[in-house]
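Student:
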Amino acid sequence: MALISILAGFFWNLQGAPLFDLDEGAFSEATREMLERGDLITPTLYGEPRHDKPILIYWLQAASVSLLGIHEYAFRLPSAIAAALWAGLAYAFLARIKGRREGLYAAILLSTTLSITAIGKAATADALLNLWLAASLLSAFLYLREGRRLFLYGSFGAMGLGMLTKGPVAILIPGAVTFLYCASRGELRTWFRAALDARGWGLLLAIALPWYGIQTFKDGGAFVKDFLLTHNVSRFRAPMEGHGGAFFYYIPVLLIGLLPHTHLALGTLSRLTSLWRADEQRFLVMWFALVFLFFSLSGTKLPHYLNYGYTGLILLMALHLDRFSAAFWILLPALLLEAFLLALPWLLPLSLPHIHDAFYREALEGARFGLDYPAFFALSTLLVLFLMVKKTWPLPERALISAVVVTFGLSAYLFPLAGEILQSPVKEAALKARAWQGPLVMWGINTPSFCVYAERIAERRRPQPGDLVFTKKARLADIPRFEPVYQRAGVALVVVKP
0 MALISILAGF FWNLQGAPLF DLDEGAFSEA TREMLERGDL ITPTLYGEPR HDKPILIYWL
60 QAASVSLLGI HEYAFRLPSA IAAALWAGLA YAFLARIKGR REGLYAAILL STTLSITAIG
120 KAATADALLN LWLAASLLSA FLYLREGRRL FLYGSFGAMG LGMLTKGPVA ILIPGAVTFL
180 YCASRGELRT WFRAALDARG WGLLLAIALP WYGIQTFKDG GAFVKDFLLT HNVSRFRAPM
240 EGHGGAFFYY IPVLLIGLLP HTHLALGTLS RLTSLWRADE QRFLVMWFAL VFLFFSLSGT
300 KLPHYLNYGY TGLILLMALH LDRFSAAFWI LLPALLLEAF LLALPWLLPL SLPHIHDAFY
360 REALEGARFG LDYPAFFALS TLLVLFLMVK KTWPLPERAL ISAVVVTFGL SAYLFPLAGE
420 ILQSPVKEAA LKARAWQGPL VMWGINTPSF CVYAERIAER RRPQPGDLVF TKKARLADIP
480 RFEPVYQRAG VALVVVKP
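Written out as structure tokens, the structure is:
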């Protein structure tokens, strides 16, 4: 079942939706521009330096695209592979310290958790970073437990790869978690010896430093300055790009992101006293708690930040799954999610009067549900109900089967539906623009996936006569004369007339 859950969560229908803007479009277009320029050192977006993230995810996407072509599957494949390896690490860790059964639980739970399946299917750096965080922290724990230096160097190596993926957070989280764990055991001397290991730092720097050094030589330090100060320090101190929130922001994120395992997670966390007694569980609690508190205090808040701590929580859930007996409560989140998805074709029209943004309202008005959509979710809802009352089957098996069914439905139906509603008009417009020989302009809208599908950079400026312009339909009133080329769901592609 673990293999099925990984396939359903990360690989099934990977190409089933166009690239989502803003993040998937930005990463993918930066990769496309690198290949187009033949420059595998400096990421750019719209032809300008992109200082948001380091290089590793772009290299992996570039390799995938070079083999498979410019296609959603190619851009997303590195994340899917990283997520599968992440689930494999969860299995290997618990199989080593506890047993194969718990390891299988961990792999299935991880690959069927909503927030994790989302990043495992996304052409971004998040799944890759979480792979390195998991590798670093789990290796560090095994080193502290067994004393084998191979694990210590594995931890440093993973941090080096994390530095190439998303920067200092790949060192900060493992360093802070292991420090707190060692402090709780009165073993800070052990922590300092490990943290200051010269060979470990040599390995980390050998992995990360060459690219940072070459990039600094090329741009005089602009990337390092902007990335470290703006995209790290400033993000913590204040909200960036409107991504703020109250201290309790991550509570609803947690409840939704852990579906369909929400009650299992809450039930596990409610056993905090017993969790603290066992070394491995104390370590995992500290991992999740530190991430939750740190990003709750951060000025910039985004839902995927909580993923950095989910490995610790999911491993705890796997260790405790056999101890639960209330099937109704464990399976209730899956049942509610299935029922919501079943009702979505009727709920969506009811929500339209409450959506004030004309762009999104028009996009949602175009939602189309085939007959197979309600048929699947009606059957899967009945299956979860059956599993809820089938008391002769062990609860863990019932919970995990229901999770795999939910995950398959999300991959097969909701993922492509969201893509059709939000991104298909952008992709269709870009494909029409691909053959255009004149100036191509993107105005009043920021959808870098348009450039991916058009296979060229769109200029970001005011339209001029002779331009082919991609914009929101609401902005057409500001263009005196134009010839429509394509219009659908809030977006338009027009030729500006003199």
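With the first letter of the sequence shown counted as 1, position 258 gets the number 257 in numbering that gives the first Met the number 0; the numbers rise by one all the way through.
Backbone N, C-alpha and C define an ideal beta-carbon position, used for all residues, glycine too.
1. Residue 470 by DSSP, collapsed to three states: which one?
2. Is residue 419 helix, strand or coil by DSSP?
3. Pull up the CB-CB distance for residue 113 and residue 105, whole angstroms please, since I reckon it's below 8 Å.
4. Does residue 486 come out as helix, strand or coil in the three-state DSSP assignment?
5. Could you give the C-beta distance for residue 501 and residue 122, rounded to a whole number, given that I count them as a contact under 8 Å?
6. Distance, Cα to Cα, residue 452 vs residue 71?
7. How is the alpha helix (DSSP H) around residue 441 delimited, first residue to last?
8. Apart from the five residues on each side of it in sequence, which residues of its chain come closer than 7 Å, Cβ to Cβ, to residue 420?
9. Got a sec, what are the start and stop residues for the alpha helix (DSSP H) residue 102 sits in?
10. Ignore the nearest five residues each way along the sequence and tell me which others in residue 334's own chain have a CB closer than 6 Å to its CB.
11. So, residue 44 versus residue 29, is the Cβ gap smaller than 9 Å?
12. Kindly give me the distance between the Cβ atoms of residue 331 and residue 262, rounded to whole angstroms, as I take these residues to be in contact under 8 Å.
13. Among 401, 444, 435, 390, which residue has its Cα nearest to the Cα of residue 379?
14. Indicate whether residue 386 and residue 0 have their beta-carbon atoms separated by less than 9 Å.
15. Leaving out five residues on either side along the sequence, give the residues of the same chain with a beta carbon under 7 Å from the beta carbon of residue 336.
16. Can you tell me whether residue 491 is helix, strand or coil according to DSSP?
17. Which runs of the alpha helix (DSSP H) fall wholly inside the segment 277 to 332 and span at least 4 residues, in chain order?
18. Going by the CB atoms, is the gap between residue 107 and residue 183 shorter than 9 Å?
19. If you reduce the DSSP assignment to three classes, tell me which class residue 257 lands in.
20. Considering only the beta carbon of each residue, do residue 210 and residue 161 sit closer than 9 Å?
21. If you draw a straight line from the alpha carbon of residue 197 to that of residue 155, how long is it in whole angstroms?
22. Determine the DSSP secondary structure at residue 48, reduced to helix, strand or coil.
23. Start and end of the alpha helix (DSSP H) containing residue 145?
24. Compute the distance between the beta-carbons of residue 280 and residue 254, then report whether it is under 9 Å.
25. Less than 7 Å between C-beta atoms, sequence neighbours within five positions excluded: which residues of the same chain meet that for residue 377?
26. Answer with buried or exposed for residue 422, where buried requires no fewer than 16 other C-beta atoms within 10 angstroms of its C-beta.
27. What residues are listed by DSSP as bridge partners for residue 458?
28. Take the Cβ of residue 454 as the centre, count every other Cβ of all protein chains shown within 10 Å, and call the residue buried at 16 or more, exposed below.
29. Taking residue 490 as the reference, which of 110, 23, 449, 408 has the closest Cα?
Tutor: So, from the data block:
1. strand
2. helix
3. Actually they do not touch by this definition, with Cβ atoms about 17 Å apart.
4. strand
5. Absent from the structure is residue 501, since the part of the chain shown begins at 0 and ends at 497.
6. 10 Å
7. Premise fails: residue 441 lies in the beta strand (DSSP E), 439 to 441, not in any alpha helix (DSSP H).
8. 362, 363, 365, 366
9. 99 to 110
10. 383
11. yes
12. 6 Å
13. 401
14. no
15. 258, 259, 405
16. strand
17. 278 to 296, 306 to 319
18. no
19. coil
20. no
21. 11 Å
22. strand
23. 125 to 145
24. no
25. 341
26. buried
27. 440
28. exposed
29. 449
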